[in-house]
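Per our numbering, the sequence shown runs over residues 41 to 273.
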Amino acid sequence: MDDHAPDPAHGPADGAVLTGGLPPPSPEQIEAGRLLFAAECRFFYAAQRLDQLPEPGLPEVAFAGRSNVGKSTLVNALTGRKSLARASNTPGRTRQLNFFDLGGRLTLVDMPGYGYARAAKEIKEDWQGLMFEYLRGRPTLRRVVLLLDGRIEIKASDLAVMDLLDRAAVTYQFVLTKADGVKPGPLARKQEEVSALIRKHPAAYPELFTTSGESGLGMDVLRAELAGLGLPA
Ligand SMILES: Nc1nc2c(ncn2[C@@H]2O[C@H](COP(=O)(O)OP(=O)(O)O)[C@@H](O)[C@H]2O)c(=O)[nH]1
Ligand SMILES: [Mg+2]
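See below:
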């Protein structure tokens, strides 16, 4: 459909944000996303143990990905501020779940990065422990946003986390990061590779979102999508 054709006013690397075949958000949905993410985003809780989780309240969206995937940059770009990243980078907060209240309508949960150096060990200790229990047992968790770096290979640790998300039976959505750093050809191949993965994982949301926290590519579309999971205004 023409709706999915790249806007010729943008460069080729600014190509399709949505490649899963779902219709793009309406102007009203884009505006709803803009409004929600313009609201105050307030850090309110950090959990290191399962018995320390905050009471379930607002609908939750959790962000996950390998260390260095661009999670802080993406969340800063989504919210247009630095508070979430700063809180999460505080020493001692890197291996816990950090909770943020977005406008009293949606909770954003920053999950620890995985797989940087001691991939298998980290995933075993953190992700199969607290993370898995959180993912499996959280009644308010609406979606996990799983970030993949558009510039590098999908790693074994990413596949291990997908497995875990399948087993936790939580809906997860893929976001490709750093699209500004990838040429159109390789970007299209990466999109196809992730789409193939999505088709193999029944718990995965069918749409792939391609983004750049640097250029802002895809932010309006991702805000619109996540706003659809929050409480109405
Ligand atoms: N070119 C480019 N670099 C990015 C982008 N997002 C993050 N980076 C870089 O990737 C590195 C890791 O980013 P960060 O957001 O700290 O990743 P995190 O560890 O997942 O929170 C930093 O050097 C960022 O500047 C992006 O959209 N484009
Ligand atoms: Mg970070």
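All residues carry an ideal CB built from backbone N, CA and C; glycine is no exception.
For residue i, three-class secondary structure by DSSP
i, result
"Leu257", "coil"
"Ala87", "strand"
"Val57", "coil"
"Pro63", "coil"
"Ala273", "coil"
"Glu80", "coil"
"Ala244", "strand"
"Gly132", "Confidence at Gly132 is low in this model, with a pLDDT of 49, below 50, so its placement is unreliable and the value that follows should be read with caution. It is coil, neither helix nor strand."
Spatial neighbours of residue i in its chain, beta-carbon cut-off 7 Å, leaving aside the 5 residues before and after
i, result
"Glu100", "Thr147, Val149, Arg178, Thr180, Leu181 and Arg182"
"Lys218", "Gly110, Asp189, Gly190, Arg191 and Ser252"
Proximity to residue i [Cα-Cα], best of the options
i, options, result
"Gly190", "Ala273, Met171, Val201 and Leu227", "Leu227"
"Ser197", "Asn116, Val109 and Asp260", "Val109"
"Asp91", "Lys240, Ala244 and Met171", "Met171"
"Leu62", "Pro246, Arg263 and Gly268", "Pro246"
"Leu75", "Gly143, Leu248 and Arg82", "Gly143"
"Leu262", "Lys111, Gly73, Ala244 and Thr59", "Gly73"
"Met242", "Phe214, Asp141 and Arg229", "Per the sequence shown, residue 242 should be read as Pro rather than Met. When each option's Cα is compared against that of Pro242, the closest is Phe214."
"Ala78", "Ser107, Tyr154 and Ala117", "Ala117"
"Pro65", "Gly270, Leu271 and Gly258", "Gly258"
"Leu175", "Met202, Leu114 and Arg229", "Met202"
"Arg239", "Gly270, Asp206 and Leu271", "Asp206"
"Ala87", "Ile192, Leu137, Arg229 and Val222", "Leu137"
Cutoff 6 Å; reference residue i; Cβ partners in own chain excluding five residues on either side
i, result
"Ala102", "Val149, Met151 and Val184"
"Ala267", "Ala72, Gly73 and Leu76"
"Asp260", "Ile70"
"Ala264", "Pro65, Gln69, Ile70 and Gly73"
"Thr119", "Phe77 and Cys81"
"Leu93", "Ala87"
"Pro96", "Pro179 and Thr180"
Integer Cβ distance of residue i from residue j, believed to fall under 8 Å
i, j, result
"Leu204", "Gln168", "7 Å"
"Phe139", "Tyr85", "4 Å"
"Gly105", "Leu187", "3 Å"
"Arg121", "Cys81", "6 Å"
"Gly155", "Ser107", "7 Å"
Cut-off 8 Å between Cβ atoms - residues of its own chain near residue i, not counting five sequence neighbours on either side
i, result
"Ile194", "Leu188, Glu233, Val234 and Leu237"
"Gln231", "Ala56, Thr59, Leu216, Leu248 and Thr250"
"Ser273", "A quick correction: the sequence has Ala, not Ser, at residue 273. Here the set comprises Ala72, Leu75, Leu76 and Arg145."
"Asp220", "Ala53, Ser252, Glu254, Ser255 and Leu257"
"Ala209", "Arg176 and Ala243"
"Leu98", "Asp141, Gly144, Arg145, Leu146, Thr147, Thr180, Gly270 and Leu271"
What ranges does the beta strand (DSSP E) occupy inside the region 176–238, keeping only unbroken runs of at least 3 residues that lie completely in it? Entirely contained in the region 176–238, the beta strand (DSSP E) runs reaching 3 residues are, in chain order, 181–189 and 212–217.
For the region 94–122, list the beta strand (DSSP E) runs that are entirely contained and at least 3 residues long, ordered along the chain. 100–105
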